[in-house]
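Here's the structure we're looking at; comments come further down.
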Amino acid sequence: KRPSFGEFAARFQELRYSSVITKQKALVKYILVKIYEANSPGLAIDPNKMTLEHLSPEKPTAAALSEEEIASIGNLILVTQEINNKLANKAFDEKRKILKGCSVWVDDVVLKAKAWKADEIQKRTELLAQVSYNHVWNL
């Protein structure tokens, strides 16, 4: 039986990965690969060549977000190791500029954001849940 969107979204929002919260790394990566595949028709995505990058860095210069917010799936993107190295521990505005010029799918929440704080992470988590429910696992 397929869960309601409310049930699905509530569980989806619990997905986390960081260097401290590592239990769900494989699941988070799998989900992001499926979302990226659904949004990049015709573009082959090799999960073995992709890495998870935190939009708001795990080691920020100023502690503006909680550990849970930093680990949230809404704060994570899937990129190649090369792009990950370019993004490094840069500020969000610099990361967004780099991502705009890359050949990897990035959603509008990230591309249009002026800042990257808890509200944007929550908004993106909700978007990813909707995309997953309605397009990726639309059974």
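Quick note on the working numbering: the sequence shown kicks off at 7 and runs consecutively. Just so it is clear, CB atoms sit at the ideal spot from N, CA and C, and this is done for glycine as well.
Give the secondary structure of R130 by DSSP, where H, G and I count as helix, E and B as strand, and everything else as coil. Working through the sequence shown from its first residue, we reach residue 130 at position 124. Helix.
In the structure shown, what three-state DSSP assignment does R17 receive? Reading the sequence shown from its first residue, position 11 is the one you call residue 17. Helix.
What is the C-beta distance between S25 and E64, in whole angstroms, given that I count them as a contact (C-beta under 8 Å)? The residue you call residue 25 lines up with position 19 of the sequence shown. The residue you call residue 64 lines up with position 58 of the sequence shown. The pair is a contact, with the Cβ atoms about 6 Å apart (cut-off 8 Å).
Could you give the residue range of the alpha helix (DSSP H) that holds E100? For the purposes of this step, residue 100 is taken as residue 94 along the sequence shown, with counting starting at 1. Run containing E100: F98 to K106, per the alpha helix (DSSP H) assignment.
Can you tell me where the beta strand (DSSP E) holding E64 begins and where it ends? In the sequence shown, the residue the question calls residue 64 occupies position 58. Here E64 belongs to no beta strand (DSSP E), and DSSP marks it neither H nor E.
Segments assigned beta strand (DSSP E), at least 3 residues, entirely inside the region 70 to 97: 82 to 86
Take K123 as the anchor and find which of D99, H141, K103 and Y139 has the nearest alpha-carbon. For this step, residue 123 is matched to residue 117 along the sequence shown. The shortest Cα separation from K123 among D99, H141, K103 and Y139 belongs to D99.
What are the boundary residues of the alpha helix (DSSP H) that L58 is part of? Counting from one through the sequence shown, the residue named residue 58 turns up at place 52. Segment M56 to H60 is the beta strand (DSSP E) holding L58; no alpha helix (DSSP H) there.
Whole-angstrom distance between V137 and E93, CA atom to CA atom: Taking the sequence shown and counting its residues from 1, one reaches residue 93 at position 87. Taking the sequence shown and counting its residues from 1, one reaches residue 137 at position 131. The residue asked about is misnamed: residue 93 is Leu in this sequence, not Glu. Going by the C-alpha atoms only, they are around 25 Å apart.
Would you say F18 reaches chain B, if we count a Cβ-Cβ gap shorter than 8 Å as a contact? Absence of chain B from the displayed structure is noted, only one protein chain being present.
Stretch-stretch touch, CB-based, cutoff 8 Å, three pairs: the region 42 to 56 with the region 73 to 86: yes
For I51, collect the residues of the same chain with a Cβ closer than 7 Å to its Cβ; drop the 5 residues on either side in sequence, then sort them by chain order. Taking the sequence shown and counting its residues from 1, the one referred to as residue 51 is at position 45. Contacts found: V39, Y42 and E43.
Count the other CB atoms within 10 Å of the CB of R130; is the residue buried (16 or more) or exposed (fewer)? Working through the sequence shown from its first residue, we reach residue 130 at position 124. The residue in question, R130, is buried, as its Cβ has 16 or more Cβ neighbours within 10 Å.
With distances taken between CB atoms, is the gap from P34 to I76 smaller than 8 Å? Numbered from 1 along the sequence shown, position 28 holds the residue referred to as residue 34. Numbered from 1 along the sequence shown, position 70 holds the residue referred to as residue 76. Here residue 34 turns out to be Val, not Pro, going by the sequence shown. In this structure, I76 does not lie closer than 8 Å to V34 by Cβ.
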